[in-house]
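Chains G and F are the protein sequences, given in the same order.
Residue numbering for the first sequence follows the numbering used here, beginning at 3 and increasing consecutively.
Residue numbering for the second sequence follows the numbering used here, beginning at 320 and increasing consecutively.
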Amino acid sequence: MQGAGATDKTAVWLGVNELIAAYADCIDEDRLEEWPDFFVEHCHYLITDRESHQAGLRHGIIYCASRGMLMDRVTSLRRVLMFEAHRYRHVVGAASIARTENGVAETRANFLAMRIMHDGEMQVFATGRYLDRIDVSSTPYRFIERLVVLDSQKIDTLLVIPL
Amino acid sequence: MSVQDMEFAEGASRRGVDWPSNGLSEVPFRLYTDPEQYRLEQERIFKGATWSYLCLAAEIPEPGDWVATTIGEVAIIVARGSDGAINAFVNRCAHRGNLLCLTRKGHDKEITCIYHGWSYDLAGQLTGVAFEKGVKRQGGMPPEFHKDDHHLQRLRVAELCGLVFGSFDDKVEDLETYLGAVVVGGMRRVLNRPAHIIGRSTQILPNNWKLYFENVKDTYHASILHSFLTTFRINRLSMPGGINIDDSGGNHFSYAKLDYAAEDADYKAAGLRSDTDLHLEDNSVVESVDEYGDQISVQILTVFPNMVLQQVRNTIAVRVIRPRGVDRTELDWVHLGFDDDDDAMTERRLRQGNLIGAAGYISMEDGCVGGFVQRALQYNDSGSGIVMMGGHDGESQKFRASEAAIRGFWKKYRALTGV
């Protein structure tokens, strides 16, 4: 039984890390139309900073409370908003699972996102932690909630591609 | 011309920027790039006869609470004293000039310098000097030194609608006179009940602070640059509204009215459709209620030289403009909710928050466009920009296809800086 439990735990850990890696790959390789599919229908996606998060403030730099709101972000950046072309390179550390209960895994992972502008200018754009609640009750795994907690409360003016 | 004269002429050309005429509708580009002009602004505007936003009174509710902030580049402490009054002073020890408060906020009975242990009460009065009488009767301060003679550099403080303002200038008129009755009315309209902070962030703008301040006062660009608004028919210049500018020109608010009921029916019938095939999957980002009962859906108010108070639908925010060098500005966003908000109203404010801030469907573009202007002006800043839309004066208008509030800004700016 113990062996089977460990195998389950390992399988969930692998699945969670595959999900998180695929998410970053989707953004960095500009397949943003697929980005909302990483979330369940009734999801939360919030970009905040460490200080605000610790203070319990829910107001985000981005606050999406449904998959539809994520789709609107993609539509807007593809077809409506005015900004200079750029992309990210995410480097995401291995996720750890704090707990798994009723088919929901609570996980955390560190990330660093470089921003590469169309003219080649590069900068460290953001670092922080992903605090996730992931539906692991069936495959594919999907995010129920993804809190992007930035280390700094200062953000460069242009945040249009999701982190 | 003698060498001395030439040096003088060269020096004179470096000292600030000349205005091309007596008008307000031509703005020299060098105002955004000249380091000497930037230095002059710190002295004559931020430390001059102006009122700068400091913080919310609600951030320092108890005696001993303090926050560290800035006016222009100058570090400031705002503290609530033991008598309950709000005091503001420069964050600089009277002894050797060391920075006193090193975090953004705190709570203390007194403020003590880490360098030599000089301490001050919450009104900025010097109360303690380490080893004042020396050590083993050796050293110590001379008899003519009296602690009572020394205090931190104090600012004047005024509070209005829960917002705390400070001024370096002893002679500047009182805050309400400075703002003008109309702008005070605009402030009272938005902050009409107790508010609290629901979020905050800082947006780094790669441009001169004035480019951002002008952008906020620019009602002309809103429905052109911000295609999110027009694509989803959220805000158009044809909506009834206007611009109110105080007599000095520096303070203003613009507003627009929305037929909330008609918009609601429109969404229900067709979703947020535009002339294109685009539509929002989730309308909640703009689903708003007329919380003030006057149909005004957008009101943008500015206080010269560093504050914006916004109502964009149900998003309420204070934005603080912090110059950080001639081509860099930090914009602090302080998002507000009201103490009587229910859960639905809070959720509404959070969802509509996507319109504003660093990633806002509207504000993101304002940050970008200031950076584009700054880049275009680098090492190519001769000549002037044109702000003639709606005339040549900086006075109130009953329409918004206008640059009147920008001209008002320059009216105030010129009066203070003498350019």
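We put the beta carbon where it would ideally sit given N, CA and C, even for glycine.
It should be emphasised that the depicted structure is a prediction, and the values quoted were computed from it without experimental measurement.
Neighbourhood of residue 54 (chain G) in chain F, by CB distance below 7 Å: 518, 519, in chain order. Less than 8 Å divides the Cβ of residue 568 (chain F) from the Cβ of residue 731 (chain F). Nearest Cα to residue 578 (chain F) within the set F:572, F:608, F:566: F:608. For the stretch 127 to 158 of chain G, residues whose beta-carbon sits nearer than 8 Å to a beta-carbon of chain F comprise 155, 156, 157, 158.
Nearest to residue 659 (chain F) by C-alpha distance, out of F:484, F:393, F:512, is F:512.
Around the beta carbon of residue 698 (chain F), a 10 Å sphere encloses fewer than 16 other beta carbons of the protein chains shown; the residue is thus reported as exposed. Residue 370 (chain F) sits close to residue 486 (chain F), with the two beta carbons spaced by under 8 Å. Just measuring C-alpha positions, the residue of F:655, F:426, F:657 sitting nearest residue 380 (chain F) is F:426. DSSP places residue 378 (chain F) outside any alpha helix (DSSP H), giving it a letter other than H or E. Close CB contacts of residue 680 (chain F) within its chain, under the 7 Å cut and outside five residues either way in sequence, are with 547, 673, 674 (chain order). Note on geometry: alpha-carbon atoms of residue 720 (chain F) and residue 538 (chain F) lie some 6 Å from one another. Of all alpha-carbon atoms in F:343, F:708, F:394, the one lying nearest the alpha-carbon of residue 420 (chain F) is that of F:394. Using a Cβ-Cβ cut-off of 8 Å, residue 86 (chain G) counts as an interface residue toward chain F, since at least one Cβ of chain F sits closer than that to its own. For residue 546 (chain F), the three-state secondary structure derived from DSSP is helix.
Measuring C-alpha to C-alpha distances from residue 467 (chain F) to each of F:581, F:443, F:372, F:453 identifies F:443 as the nearest. Proximity of chain F to residue 98 (chain G) at the Cβ level (cut-off 8 Å) is not reached, the minimal Cβ distance being about 27 Å. Between the beta-carbon of residue 360 (chain F) and that of residue 621 (chain F) there is about 16 Å, and that puts the pair past the 8 Å contact cut.
Within the stretch 25 to 109 of chain G, the runs of beta strand (DSSP E) at least 3 residues long that lie entirely inside it are, in chain order, 41 to 51, 64 to 66, 88 to 94, 98 to 103. Taking 8 Å as the cut-off, the Cβ atoms of residue 144 (chain G) and residue 42 (chain G) count as close. Sorting F:489, F:433, F:409, F:415 by C-alpha distance to the C-alpha of residue 471 (chain F) places F:409 at the top. Among the CB atoms of chain G, one or more fall inside 8 Å of the CB of residue 669 (chain F).
In this structure, the CA atom of residue 365 (chain F) is about 10 Å from the CA atom of residue 358 (chain F). Contact of residue 74 (chain G) with chain F is assigned, a C-beta pair being separated by under 8 Å. For residue 479 (chain F), DSSP records a beta bridge to F:482. Counting only runs that start and end inside the stretch 109 to 142 of chain G, there is no alpha helix (DSSP H) element of at least 4 residues. The Cβ of residue 412 (chain F) sits no closer than 8 Å to any Cβ of chain G.
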